[in-house]
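Note that my numbering gives residue 541 to position 153 of the sequence shown, counting from 1, and the numbers run on in steps of one.
Below is one structure, written out as C-alpha cells; the observations come after it.
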Amino acid sequence: MGKTNRRGTKVTFKPDSEVFDTVEFNYDTLAQRLRELAFLNKGLGITVADEKTGKKQTFLYEGGILSFVEHLNKNKTTLHPKPIYISGERDGIAVEVAMQYNDSYSETILSFANNINTREGGSHLAGFKAALTRTTNSYAISSGLLKSPKDSVSGDDIREGLTAVISVKLPNPQFEGQTKTKLGNSEVKGLVESVVNEALGYYFEQNPSVVKKIIEKAIQASRAREAARKARELTRRKGALEDSGLPGKLADCAEKDPQFSEIFIVEGDSAGGSAKQGRDRHTQAILPLKGKILNVEKARFDKMLGSDEIRIMITALGTGIGAEDFDIAKARYHKIVIMTDADVDGAHIRTLLLTFFFRQMPQVIEKGYLYIAQPPLFKVKKGRAERYIQSEGMLENMLFELAVDEMEIRNGNVLVGKAIIPYIKSLSKFERLLEWFTKRKKDTAVIKTLLHYDLSKDLLKNKEDINVLLKKLKEEFPDLSEELREDEEHQSYRIELKRDGLKLTLDDEFLTSPDFRELKNLFSELKGLGHPPYKVKHNKDIHEFGSSRELFDYILSIAKKGISIQRYKGLGEMNPHQLWETTMDPEKRTLLQVSVEDSIKAEEIFSTLMGDNVEPRKEFIAKHALEVRNLDI
C-alpha cells in the first residue's frame, strides 16, 4: 500500500450469461454511447479501453453540445462560422440547444432527454421545431425578407441543411413509443418553445447577416419543394410513381406478399440480363440500373426526381418518396439487395445507392430491408472440379488444405498433413502484419529481432534494462542509431531507432499497440514450427528452407500447382446459372444486412465521401490507403 492523490470509486462487473444471450461487449457501441455522454455533459472526460485489443479513446468536450454540432458539421460547408447556442431553465427543467446551418439538403437533428437519445423525438423536439418555424418566419416578415404571412416558408424548408442537438433534463420523464425513445411529457413542448423563441429572436436581431442566409436557403428550398411537387404530380399522372405503372426495366416476381419477395438492384444491363435468366421468378425481382446513379448528397429533391434511374427505383420499391408521400408499409419487397461488380466502379455505385437509402429512405435501413450481395471473388478450377470462393481468406484456406496433403515438416518436431495448417495460417497473418509495418516505413528487421526479447511496458521505466536491450540490438545491427527521450505522460522513456532511412519508436504506445501485440502472439504460436532450417518432404521430394518466409512461399507454390484461379471483377463474367449458384440462391448465398450502429459516424462518413469538400475526402483516403490490399481498377 502507498500514498496516492487519486480518489473515486471503482466498479467492476460482468454480464450474466443466464440473463444475456451475448456477454461480449461491442467496443464501437460503447464508444458511440460514451462519446454522446461526453458531448451532453460539458467538461466530463470519459475513457473507454479494450484490454483485449489495446484500443483506447478518451472523450472530453469543453463546449458540450456546441462541440457536438461542430463535430457533426466538420466535413460540411457551414453558412455561419459559429453554432447558435441556447440554454435556459424553467420549472426545474433545463433546456440546451445548439444549431448550425450547412449547405447540404438534409437535416440532422438529434434530441436527448436526461442523456437518453430520443430517436423517435417527442415533446422537446416538437417544441424546438415549432419555435424555429415561428421565429424564422416572424423575423423574415418583419425585416421584409418575406412580403406577408401568406409567403411563409414551411418548417421542412427552414430545417433544410440544419444540424441541431436538443438536450433537456427534467424530473420524472415519461418515455413512449415502440422502443421507449420518445419523450411524452406534454409540458416540455411549451417550455422548450418559449426558451427557443426568446433566445432565437434575440440572436436574429443581433445577427441579421446570418439570418438572411438562413432565410434565403429556406426560400430556395421552398421553391425546390414546389418544383418537386409539380414533378411528382406530373410523374404520378404518367403513372411513373404508382404501382399501376411499374417500370419496363423491372422484371417483377410472381409473389405479391412483400415478406416473401426480394428485389435485386443490379449494376448494368449485362448482369441484369443474367440475373433475370438465373433468378427464382416466384420470389425474386430484378431491376438493372444503367450508368452512374445521381449523388443525392449534392442534389436537391427536385433534381433527384429528375433522375431516370432514381425515379425508376422509387417506382419499383413502391414506398413513394419525400416526407409527405413516403410510406414504408407500402414497400413491395422486404429484401432489397444491392448487387454490383467487385471493381472500383461497382464500389462507387454501391456507395451512391447506400447514400440514397441513408438520406432519402432511412426507414428501409431501420426496418432491416436493405442488403448487399456477396458475389464470389474467385473461381478455382482443378481438373473438371470448380469451386467459387467469396474472399481472399477463404481462398487461402483452400490453398493451404491442398498444399499440406502428403506434406511433412521436420525440425525437431514432426508435423504431418493437416497438423501443418494452423502454423501456416499464423505464418500468413504474421507475414501480412510485417508487410503492414513495411508500408509504414517501419524497420521490420528490428521488429522481428525484438520479438525474441521479453518486452513489456516496465522495461521502458528502467534505464539499465534499456541499455542491455540497446547493446543486444547494436550487436545485431551495427549501423543502428538510437536516441533516448523522457516520456512524461507514462513516466518512462521513449527509444527512437534509425537505420537505413527507416525509423522505429519504442514507447508505451508501440508496445501496447494491437498490431505489435498480435505480432507477439503469432510469434509465440509459430514456435511450434521450430527454428530454420526447415526440412520439408512433399511426396518424394525433400527441400530445405532457411527462413519461414521461404517456407511459406514454397507451400503456396505447391498449392497453386495444377489449378487455375480466376478473379471476378464483373457480374457479367458469370452466366445465369453461375450467378444463381453463387450469389442469388437463398440456400447457398451470403448477404450482408445494412444497419447503422453509429448514426453520427455514418453521417460523418457519407458527408466526407459524397459531399462537396475535397480536403476531408483526401484526408480520409490518405488515412486508409495503406490498408488496401488489392485494388481493381
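Backbone N, C-alpha and C define an ideal beta-carbon position, used for all residues, glycine too.
{"query": "Nearest neighbour of residue 420, chosen from 436, 895, 684 and 771 [CA to CA]", "result": "436"}
{"query": "Start and end residues, alpha helix (DSSP H) containing residue 559", "result": "No alpha helix (DSSP H) contains residue 559, which DSSP labels as neither H nor E."}
{"query": "Own chain partners of residue 571 with C-beta closer than 6 Å, once the 5 adjacent residues on each side are dropped", "result": "501, 506, 510, 511 and 512"}
{"query": "Exposed unless 16 or more other CB atoms sit within 10 angstroms - verdict on residue 814", "result": "buried"}
{"query": "Residues of its chain near residue 967, where Cβ-Cβ distance is below 7 Å and the 5 sequence neighbours each way are ignored", "result": "662, 663, 666 and 959"}
{"query": "Reference residue 559, options 547, 573 and 787, closest by Cα", "result": "573"}
{"query": "Coil, strand or helix - residue 723 by DSSP", "result": "strand"}
{"query": "Touch test, the segment 903-918 against the segment 810-825, Cβ-Cβ under 8 Å, three pairs minimum", "result": "yes"}
{"query": "Inter-residue spacing [alpha-carbon to alpha-carbon] between residue 712 and residue 569", "result": "23 Å"}
{"query": "Sequence-distant residues of the same chain with beta carbon closer than 7 Å to residue 521, five excluded per side", "result": "543 and 546"}
{"query": "One or two residues paired with residue 499 in a DSSP bridge", "result": "554"}
{"query": "For residue 499 and residue 737, the rounded distance between their alpha carbons", "result": "32 Å"}
{"query": "Residue 634 vs residue 717 beta-carbon contact at 9 Å", "result": "no"}
{"query": "As assigned by DSSP and simplified to three states, the class of residue 676", "result": "strand"}
{"query": "Sequence-distant residues of the same chain with beta carbon closer than 7 Å to residue 431, five excluded per side", "result": "450"}
{"query": "Reduced DSSP category for residue 660 - H, G, I as helix; E, B as strand; rest coil", "result": "helix"}
{"query": "Best match in 426, 941 and 540 for proximity to residue 791 [C-alpha to C-alpha]", "result": "941"}
{"query": "Coarse secondary structure for residue 629, derived from DSSP in three states", "result": "Confidence in residue 629 is poor, its pLDDT being 48 and thus under 50, which makes the residue's placement too unreliable to answer from."}
{"query": "Burial state of residue 948, where buried means 16 or more other Cβ atoms lie within 10 Å", "result": "exposed"}
{"query": "Run of the alpha helix (DSSP H) containing residue 476, from where it starts to where it stops", "result": "Note, residue 476: premise wrong, no alpha helix (DSSP H); beta strand (DSSP E) at 472-478."}
{"query": "Backbone CA spacing between residue 447 and residue 423 [nearest angstrom]", "result": "6 Å"}
{"query": "Candidates 472, 797 and 492, of which the one nearest residue 747 by Cα", "result": "492"}
{"query": "Rounded C-alpha distance that separates residue 963 from residue 650", "result": "21 Å"}
{"query": "Residue 443 to residue 821 span [Cα, whole Å]", "result": "17 Å"}
{"query": "Residues bridged to residue 518 (per DSSP)", "result": "Looking at the DSSP assignment, residue 518 forms no beta bridge with any residue, so it has no partner."}
{"query": "Residues sharing a beta bridge with residue 801, DSSP", "result": "799"}
{"query": "Same chain only: Cβ atoms within 7 Å of residue 631, ignoring 5 sequence neighbours per side", "result": "Low confidence applies to residue 631: its pLDDT is 48, below 50, so where it sits in the model is not reliable enough to give any reading."}
{"query": "Residue 487 (DSSP reduced to helix, strand or coil)", "result": "strand"}
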